[in-house]
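What follows is the structure, encoded as structure tokens:
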């Protein structure tokens with residue numbers, strides 16, 4: 011009888027330890043995304059995607075991600091995306107010193123020149139290969155924000171991170187998903203967040 | 002008996018599963034037989050001026066030897082080639098430096114001064130004599146006279162190890178042999194254009210593999226309508242010199258093959274870009290598009306960006322091509338079509354390099370063909 015009681019206590023101990031270990035891996039669950047509840051996103055007709063700020067080591071990362079995002083946004087058919095050549099003309103005409111991080115006044119001036127309803131700016135935080143010990147994989151981390159011209163307010167912000175070293179990569183050294191696959195996955199996630 | 006029944010049913014099941022798996026990665030055979038643009042001019046025998054080769058490979062190459070091989074090959078096909086001395090005198094007189102295309106003025110002068118009916122413009126995109134050798138050539142035949150029109154265009158990208166076979170029996174290690182193979186392909190293609198049978202048969206194609214990652218077609222764009230299009234050299238963000246010009250040539254080639262698209266001769270487009278001092282910072286603006294479209298009298302402007310156009314030397318490496326393209330309509334002043342594609346030579350390759358593509362040219366050609374199909378289908 012005493013022996014059975016010990017086994018039950020042991021089971022409870024293992025269960026509580028297991029639950030405690032799970033809490034260590036838990037995320038806070040707080041979203042960093044923002045979607046203005048008062049904004050009618052269906053009213054947006056034309057948007058400009060500004061050059062993305064590139065904080066990664068790959069010097070083309072900003073342009074690659076911007077291109078994929080702009081084309082994917084255009085492909086949704088929900089809004090018209092101004093071509094990059096026209097955006098470059100607007101940047102030059104408005105005299106933006108840093109088109110990746112323009113001030114509110116600069117954005118309004120720029121939007122008046124190329125006639126857009128909203129402007130999207132972004133930051134590529136990570137793009138390329140990451141290593142941990144002998145394992146390596148591709149990773150991407152992007153944050154975007156949309157500023158509506160009429161109200162001069164930030165109406166949407168979202169970020170997405172994809173790729174990274176998985177247990178599979180550590181065990182078998184597969185090298186992770188190709189860069190274009192995770193870039194598309196990150197862009198699709200951002201679009202889902204925009205049109206939710 | 003039971004064993005045999007079970008065994009046969011298992012065999013059938015296995016076979017069925019195998020076929021099902023195969024269908025998943027199946028390449029789509031293009032049943033379409035593409036009719037090349039008809040022209041009254043090909044009814045009579047054209048006199049052709051073969052221009053010196055334009056070197057887009059950025060490496061030292063035997064341009065004269067390849068050109069000589071081309072001329073010999075064309076002559077053997079019975080084509081009428083303009084005399085070398087006449088061509089030399091014309092080039093010197095008009096101080097022609099750029100041989101990657103012809104302007105309207107040059108086309109007129111060619112017709113009236115040399116009597117040539119057409120000019121053959123060839124661009125060498127890749128040449129490597131390191132084993133296995135590699136070569137990529139693009140040729141087009143442009144009519145002379147008041148309105149230079151692309152009559153025929155074809156290209157080829159070959160590597161010595163494209164089809165090595167068992168025990169590398171078919172490995173080509175001699176660069177000369179590979180050059181001759183490429184030249185033979187082009188001259189045969191041109192001769193077919195002049196022959197009564199003006200058809201190009203679609204081969205085995207892997208549409209799924211080369212399908213664009215993203216593409217958009219505006220509802221205002223009507224695929225069945227006839228369009229004239231000017232292809233602008235792509236904005237080059239890759240490590241490869243002339244990748245922008247090479248991508249433009251790929252698009253011109255595939256658009257020329259379509260019935261309802263007429264691509265403007267790239268030399269004429271280049272001349273207009275220089276004449277109106279159009280410099281692209283990150284692509285074409287609407288104002289530049291308006292100007293160019295009205296001066297060239299075209300309905301559409303095709304432009305884009307090239308991020309990767311990578312070839313490799315020797316056996317080890319992977320060809321990479323990554324580009325995005327967009328089409329701006331003059332009338333609506335809108336982007337009516339956009340696409341983005343990225344592929345590597347070993348995409349979908351699992352066993353013994355079977356199906357690997359060894360040159361960026363061969364891959365880009367398939368990618369652009371598939372991309373262009375989204376325009377019309």
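Chains as they are written, first to last, in this note's numbering: chain F, 11 to 206; chain Y, 2 to 378.
Glycine included, each C-beta is placed from N, C-alpha and C at the ideal position.
Of the residues the options, which one's Cα is nearest the Cα of residue i?
i, options, result
"residue 142/F", "166/F, 198/F and 183/F", "183/F"
"residue 263/Y", "297/Y, 292/Y and 68/Y", "297/Y"
"residue 91/Y", "377/Y, 77/Y and 109/Y", "109/Y"
"residue 119/Y", "66/Y, 51/Y, 71/Y and 244/Y", "51/Y"
"residue 310/Y", "350/Y, 275/Y and 235/Y", "235/Y"
"residue 102/F", "189/F, 91/F, 90/F and 124/F", "124/F"
"residue 127/Y", "54/Y, 215/Y, 169/Y and 272/Y", "54/Y"
"residue 160/Y", "79/Y, 317/Y, 339/Y and 93/Y", "317/Y"
"residue 257/Y", "85/Y, 58/Y and 151/Y", "151/Y"
"residue 58/Y", "247/Y, 98/Y, 342/Y and 373/Y", "247/Y"
"residue 368/Y", "377/Y, 378/Y and 340/Y", "340/Y"
"residue 47/Y", "224/Y, 76/Y, 344/Y and 170/Y", "76/Y"
"residue 331/Y", "373/Y, 342/Y and 293/Y", "293/Y"
"residue 379/Y", "85/Y, 65/Y and 209/Y", "Since the first residue of chain Y shown is 2 and the last is 378, residue 379/Y is not available in this structure."
"residue 69/Y", "60/Y, 61/Y and 82/Y", "82/Y"
"residue 239/F", "215/Y, 174/Y and 153/Y", "An answer regarding residue 239/F cannot be provided, because it is not within the stretch 11 to 206 covered by chain F."
"residue 87/F", "52/F, 112/F, 23/F and 26/F", "52/F"
"residue 91/F", "74/F, 21/F and 55/F", "55/F"
Find the residues of chain Y that neighbour residue i, judging by a C-beta separation of less than 8 angstroms, and give them in chain order.
i, result
"residue 73/F", "238, 306 and 308"
"residue 84/F", "217, 336 and 339"
"residue 77/F", "306, 308, 325 and 341"
"residue 228/F", "What the structure shows of chain F is the stretch from 11 to 206, and residue 228/F is not part of that stretch, so it cannot be assessed."
"residue 190/F", "214, 323 and 343"
Please compile the residues from chain Y whose C-beta is within a distance smaller than 9 angstroms of the C-beta of residue i.
i, result
"residue 211/F", "Lying outside 11 to 206, the shown extent of chain F, residue 211/F is not represented and no answer is given."
"residue 148/F", "Correct list: empty, because the minimum Cβ distance to chain Y is about 13 angstroms."
"residue 64/F", "Residues of chain Y passing the Cβ test: none, with the nearest at roughly 13 angstroms."
Taking buried to mean at least 16 other C-beta atoms within 10 Å of its own C-beta, is residue i buried or exposed?
i, result
"residue 226/Y", "exposed"
"residue 363/Y", "buried"
"residue 352/Y", "exposed"
"residue 200/F", "buried"
"residue 266/Y", "buried"
"residue 355/Y", "exposed"
"residue 277/Y", "exposed"
"residue 251/Y", "buried"
"residue 240/Y", "exposed"
"residue 160/F", "exposed"
"residue 104/F", "buried"
"residue 1/Y", "Examination of residue 1/Y is not possible in this model, given that chain Y is present from 2 through 378 alone."
Residue j and residue i - do their beta-carbons sit closer together than 8 angstroms?
i, j, result
"residue 282/Y", "residue 98/F", "yes"
"residue 107/F", "residue 120/F", "no"
"residue 74/Y", "residue 185/Y", "yes"
"residue 172/Y", "residue 133/Y", "yes"
"residue 230/Y", "residue 299/Y", "yes"
"residue 187/F", "residue 173/F", "yes"
"residue 1/Y", "residue 329/Y", "Nothing can be reported for residue 1/Y: it is not among the residues displayed for chain Y, which extend from 2 to 378."
"residue 196/F", "residue 156/F", "no"
"residue 79/F", "residue 72/F", "no"
"residue 121/Y", "residue 232/Y", "no"
"residue 217/Y", "residue 85/F", "yes"
"residue 45/F", "residue 178/F", "no"
"residue 107/Y", "residue 88/Y", "no"
"residue 325/Y", "residue 68/F", "no"
"residue 213/Y", "residue 319/Y", "no"
"residue 287/Y", "residue 139/F", "no"
"residue 192/Y", "residue 78/Y", "yes"
"residue 66/F", "residue 136/F", "yes"
"residue 359/Y", "residue 162/Y", "yes"
"residue 187/Y", "residue 71/Y", "yes"
"residue 139/Y", "residue 129/Y", "no"
"residue 373/Y", "residue 219/Y", "no"
"residue 122/F", "residue 153/F", "no"
"residue 185/F", "residue 151/F", "no"
"residue 93/F", "residue 284/Y", "yes"
Find the residues of chain F that neighbour residue i, judging by a C-beta separation of less than 8 angstroms, and give them in chain order.
i, result
"residue 303/Y", "The contacting residues do not exist; residue 303/Y stays about 12 angstroms from chain F at best."
"residue 278/Y", "Neighbours of residue 278/Y on chain F: none; closest Cβ ~15 angstroms, over 8 angstroms."
"residue 281/Y", "95"
Counting only Cβ pairs nearer than 7 angstroms, list the residues of chain Y close to residue i.
i, result
"residue 47/F", "Chain Y residues near residue 47/F: none, gap ~29 angstroms exceeds 7 angstroms."
"residue 194/F", "214"
Anything in chain F within Cβ reach of residue i, meaning under 7 angstroms, just list it in chain order.
i, result
"residue 327/Y", "93"
"residue 287/Y", "96"
"residue 284/Y", "93, 94, 95 and 98"
Pair every Cβ in the region 173-181 of chain Y with every Cβ in the region 134-152 of chain Y, then say whether three or more of these pairs are closer than 8 angstroms. yes
Under 8 angstroms: do the region 92-107 of chain Y and the region 141-153 of chain Y share three or more Cβ pairs, one atom per stretch? yes
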